[in-house]
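>
Protein chains: 2
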Amino acid sequence: MDNNYDSYFQALADATRRAVVERLVQGPATVSELHAPHAMALPTFLKHLKVLERSGLVRSEKKGRVRTVHIEALPLAAAERWIAQQRNVWDGRLDKLQTLAEHIELNDPNPE
Amino acid sequence: MDNNYDSYFQALADATRRAVVERLVQGPATVSELHAPHAMALPTFLKHLKVLERSGLVRSEKKGRVRTVHIEALPLAAAERWIAQQRNVWDGRLDKLQTLAEHIELNDPNPE
DNA sequence: AAGTCACTAAGCCAAATGGCTAATTAACCT
DNA sequence: AGGTTAATTAGCCATTTGGCTTAGTGACTT
Numbered sequence: 010m011d012n013n014y015d016s017y018f019q020a021l022a023d024a025t026r027r028a029v030v031e032r033l034v035q036g037p038a039t040v041s042e043l044h045a046p047h048a049m050a051l052p053t054f055l056k057h058l059k060v061l062e063r064s065g066l067v068r069s070e071k072k073g074r075v076r077t078v079h080i081e082a083l084p085l086a087a088a089e090r091w092i093a094q095q096r097n098v099w100d101g102r103l104d105k106l107q108t109l110a111e112h113i114e115l116n117d118p119n120p121e
Numbered sequence: 010m011d012n013n014y015d016s017y018f019q020a021l022a023d024a025t026r027r028a029v030v031e032r033l034v035q036g037p038a039t040v041s042e043l044h045a046p047h048a049m050a051l052p053t054f055l056k057h058l059k060v061l062e063r064s065g066l067v068r069s070e071k072k073g074r075v076r077t078v079h080i081e082a083l084p085l086a087a088a089e090r091w092i093a094q095q096r097n098v099w100d101g102r103l104d105k106l107q108t109l110a111e112h113i114e115l116n117d118p119n120p121e
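Residue numbers (this note's numbering), protein chains in the order written: chain D, 10 to 121; chain U, 10 to 121.
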């Protein structure tokens, strides 16, 4: 199943890294471009990129002295699916409670 | 906007805590019940519960000596929506590329 | 060949995380 | 009242995290 949910959610648990993802879904960008909007030292920012890349949410290739980063869609989808799955179960449970409530109403419209 | 994405994703970035969420979407449970499947000391486990509760993904009330925990659906939905939003932008971008490619084909079916 | 540019490496630091044990509190049972 | 049960508090510890600076490395520009 290749489930590294730990690293996916870990990677998303930081505003800087989410901002990078938000930028990258619009298309690839270089390290400098990604760094520009963030008021932190480049090495610090690079650590964030490494976290993203180790998680698999992002990939990069270096050409000359420039490294270009792009998003990886599948892991993002996997993370989303995990949550969707939970909400699904939750909603299913609500439906059952609803059905149960209706049955009670039908069989005994005025309890006590 | 009350956006604590940091704490939502942070809370989900641990297998123990995700297991708790998976359990709780099926309905509320007590601390002991939640702890049972996990081979770790209770105080350690309680820390995980506190992380979940501080994040807002989970709530609990104590009655007598028993604390009952239940899931909170909205934060979970918010986290899901953030990811969905990113994938949405990403997909939109793919569509544009697709459209672009079709245009090129129409105007110049056989380049080179 | 020298200079600039885009990263990368190494190492320091404080705070947070995830584990433990031992001791306490508070409620319920007999 | 005494014992058991459910949870909590406090404190220790190793590792990870997220920030910094300083010092490279290697590629392009002039």
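Ideal Cβ positions, reconstructed from N, Cα and C, are used throughout, including at glycine.
Residues of the segment 70 to 94 of chain D with a CB closer than 9 Å to any CB of chain U: list them in chain order, please.
Cβ contacts with chain U come from Ile80, Ala82, Leu85, Ala86, Ala88, Glu89, Trp91, Ile92, Ala93, Gln94.
> Residues of chain U with a CB under 7 Å from the CB of valine 98 of chain D: which are they?
Within 7 Å Cβ-Cβ: Val34, Gln35.
> Does DSSP classify alanine 82 of chain D as helix, strand or coil?
DSSP places alanine 82 of chain D in helix when its eight states are reduced to three.
> Taking only beta-carbon positions, decide if valine 29 of chain D is within less than 7 Å of chain U.
Chain U contact via Cβ: absent.
> Please confirm if phenylalanine 54 of chain D has its CB atom under 7 Å from at least one CB of chain U.
No, phenylalanine 54 of chain D lies away from the interface with chain U (no Cβ there is under 7 Å from its Cβ).
> Based on the DSSP output, what are the partners of valine 75 of chain U in its beta bridges?
Valine 75 of chain U pairs with U:Lys72.
> Measure from the alpha carbon of alanine 38 of chain U to the alpha carbon of each residue in U:Arg90, U:Gly101, U:Val75, U:Val60, then state which is nearest.
Of the listed residues, the one whose Cα sits closest to alanine 38 of chain U is U:Val75.
> Any beta carbon from chain U within less than 7 Å of aspartate 15 of chain D's own beta carbon?
Output row for aspartate 15 of chain D: interface = yes.
> Name the two residues that bound the continuous alpha helix (DSSP H) containing glutamine 19 of chain U.
Run containing glutamine 19 of chain U: 14 to 21, per the alpha helix (DSSP H) assignment.
> Please state the DSSP three-state secondary structure of alanine 48 of chain U.
Coil, per DSSP.
> Measure the alpha-carbon distance for methionine 10 of chain U versus lysine 72 of chain U and round it to whole angstroms.
For methionine 10 of chain U, the predicted model reports a pLDDT of 43, less than 50, meaning its position is unreliable; a value from the coordinates is still stated below. Approximately 32 Å, taken between the alpha carbons.
> Hey, leucine 21 of chain U and arginine 27 of chain U: beta-carbon distance below 7 Å or not?
The answer is yes: Cβ separation under 7 Å.
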